[in-house]
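Presented below is the structure to which this report refers.
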Amino acid sequence: VTIQAQILELISLLQAEMHMAVVFITHDMGVVAEVAERVIVMYRGEKVEEGSADAIFHTPRHPYTQALLAAVPKLGSMQGTDLPARFSLLRSASAGPPPTATPRAPEPGPPLLKVRKLKTRFDVASGFFGRVRRRVHAVEQVSFDLHASETLALVGESGCGKSTTGRSLLRLVDIQGGSIEFGGRDIARLPADAVRPLRREIQMVFQDPYASLDPRLTVGFSVAEPLYVHGVARGAEAEERVAWLLDHVGLSPDHAPRYPHEFSGGQRQRIAIARALALQPKIIVADEAVSALDVSIRAQIVNLMLDLQAEFGLAYLFISHDMAVVERVSHRVAVMYLGQIVEIGPRRAVFEDPRHPYTRKLMAAVPIADPARRRRKRELSSAEVPSPIRAVGDEPVVQPLEEVGPGHYVAVHRVGGAY
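Quick note: the sequence shown uses the working numbering, first residue 5, plus one each step.
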């Protein structure tokens, strides 16, 4: 979000200097409110509403415009609440099944997952002989717990290490240190052939469902494939399970013979979620799972994830850079910067009383979906994020965490330090 804010400011400055017009195409209504004087709303290839930004946001006339604005997460809307909340959407045929459960609190007791001092680095080879002289310090000494029925959001700018953290939990990348305790075993120290059975319990949903679904395979086969790989079901039993899964994520069992290109982005993400649910996991790592979706579809998928969590007691590691969505879906929040967690705590504490300057910077950069609250002057740092690449042997300083409230920890930061 901070990089987005800098780009928006740059476009605004260039527009003023060069007296140029800008046609801004986006599904982010917060960005629209920040930059646009006039707005055109399109639906299925047609213009359905046009007007000033004030008119569109404050007195929308078309039902689709109203649905778009109803689906926009507003930073600060969860103030005073502890639990996640579904979006209130205008019902449509594509909105999926009506809600069957309400969000619930994390289950008490020991955590499902305990991550301690996780360290993941990538070698950077150079020269004719490919010698390793530098390393990318992607994840440095990251620690957190995850409980049943809990959503822990991992937030930060692109390149901060949040996606690498999620992939490290499943050993999709090599890790260099730390522990990942799950079910009484340390995933970090297991041999590769012993990790695969544990992946039944921890599944992943990626940002781009089209890239994660094989275009040559039917949707039914893609959803059933985990059942085949792990020997859970075959034949009629697998088909029955696939039909149940598709129905549970708001699709029809009749969709099973179709291919990924026949579905919309939101439908493909529902398919990816169905596949992740096939093995009845306890934890789902959602890596920017709603970031690429249009605002109304994003709200539907968030609602689906909350419904599934309430029904099955799923734990989510929700990786995102969208602070407004994170506020809506999470129980706890961890803020990452340069591979380290700089603030972690209950969502209400982090959002209502952010202590680390980088957390405050992230929140200040979130565009507000209201032209009346448009910021005339952005007070944002234009400094580039320092590179995570270091020479071999050059160890980063890991800032210790101090407890500033119940379960609320903040990294000791340099006074006047740049973030």
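Yeah, the Cβ is synthetic: ideal placement off N, Cα and C, and Gly gets one too.
Bear in mind that the values here come from a model prediction, so they are computed numbers and not experimental data.
Item                                                                                                                                                                              : Value
If you count every other CB in all the chains shown that lies within 10 Å of the CB of serine 81, and 16 or more means buried, which is it?                                       : exposed
Check whether the Cβ atoms of phenylalanine 210 and aspartate 298 lie closer than 7 Å to each other.                                                                              : no
Is valine 223 near isoleucine 275, with beta carbons less than 7 Å apart?                                                                                                         : yes
Out of Gly397, Ile287, Glu407, Val306, which one is the CA nearest neighbour of isoleucine 187?                                                                                   : For clarity, residue 187 is glycine in the given sequence; the question names isoleucine instead. When only C-alpha atoms are compared, the closest one is Ile287.
Pairs of beta-carbons, one from the stretch 294-314 and one from the stretch 41-56, closer than 8 Å: are there three or more?                                                     : no
What three-state label does DSSP hand aspartate 311 in the structure shown?                                                                                                       : helix
Determine the closest residue to aspartate 197 out of Pro107, Leu176, Ala75, Leu217, with distance taken between C-alpha atoms.                                                   : Leu176
Between Thr155, Gly409, Phe91, Asp374, which lies nearest to isoleucine 305 when the distance is taken from Cα to Cα?                                                             : Phe91
Going by the beta-carbon positions, is the gap between alanine 328 and leucine 87 smaller than 7 Å?                                                                               : no
Please determine, among Leu202, Pro264, Gly409, Ile206, the residue with the shortest C-alpha to C-alpha distance to serine 226.                                                  : Pro264
Flag this pair as touching only if the stretch 396-407 and the stretch 128-143 have three or more C-beta atom pairs under 8 Å; answer yes or no.                                  : yes
Based on the DSSP output, what are the partners of arginine 125 in its beta bridges?                                                                                              : His141
What's the call for arginine 272, buried or exposed, on a 16-neighbour Cβ count within 10 Å?                                                                                      : buried
Using the rule of at least 16 other Cβ atoms within 10 Å of the residue's Cβ for burial, across every protein chain shown, is valine 143 buried or exposed?                       : buried
Compute the beta-carbon to beta-carbon distance between phenylalanine 322 and leucine 156, rounded to the nearest angstrom, for a pair I have assumed lies under 8 Å.             : 7 Å
Does the stretch 339-346 come into contact with the stretch 161-171, if we say contact requires no fewer than three beta-carbon pairs (one atom in each stretch) closer than 8 Å? : yes
Spatial neighbours of proline 404 within its chain, please: CB distance less than 6 Å, with the 5 preceding and 5 following residues excluded, ordered by chain position.         : Val416
Can you round the beta-carbon distance between threonine 6 and leucine 366 to whole angstroms, since I take them to be within the 8 Å contact cut?                                : 6 Å
Who are the Cβ neighbours of proline 257 in its own chain at under 7 Å, not counting the five residues just before and after it?                                                  : Ala247, Leu250, Asp251
Out of Ala280, Pro261, Val146, which one is the CA nearest neighbour of isoleucine 206?                                                                                           : Ala280
Using DSSP bridges, identify the partner residues of glycine 181.                                                                                                                 : Lys123
Compute the Euclidean distance between the alpha carbons of alanine 469 and serine 268, then round it to the nearest angstrom.                                                    : With the chain covering only 5 through 423, there is no way to say anything about residue 469.
Going by the beta-carbon positions, is the gap between arginine 125 and glutamine 83 smaller than 7 Å?                                                                            : no
CB-CB under 6 Å to histidine 412, same chain, minus the five flanking residues each way: which ones, in chain order?                                                              : Gly349, Ala353
When the Cα atoms are used, what is the spatial distance from proline 201 to proline 285?                                                                                         : 11 Å
Could you work out which residue in Gly163, Tyr68, Leu173 is closest to lysine 118 when comparing CA atoms only?                                                                  : Leu173
Buried or exposed for serine 98, please, with buried defined as at least 16 other CB atoms from any protein chain shown within 10 angstroms of its CB.                            : Below a pLDDT of 50, predicted positions are generally treated as unreliable, and serine 98, at 46, falls in that range; no measurement from the model is reported.
Would arginine 351 and valine 337 be called neighbours here (beta carbons separated by less than 7 Å)?                                                                            : yes
What does the alpha-carbon distance come out to for the pair arginine 120 and glutamate 161?                                                                                      : 22 Å
For isoleucine 7, name the three-state secondary structure that DSSP assigns.                                                                                                     : helix
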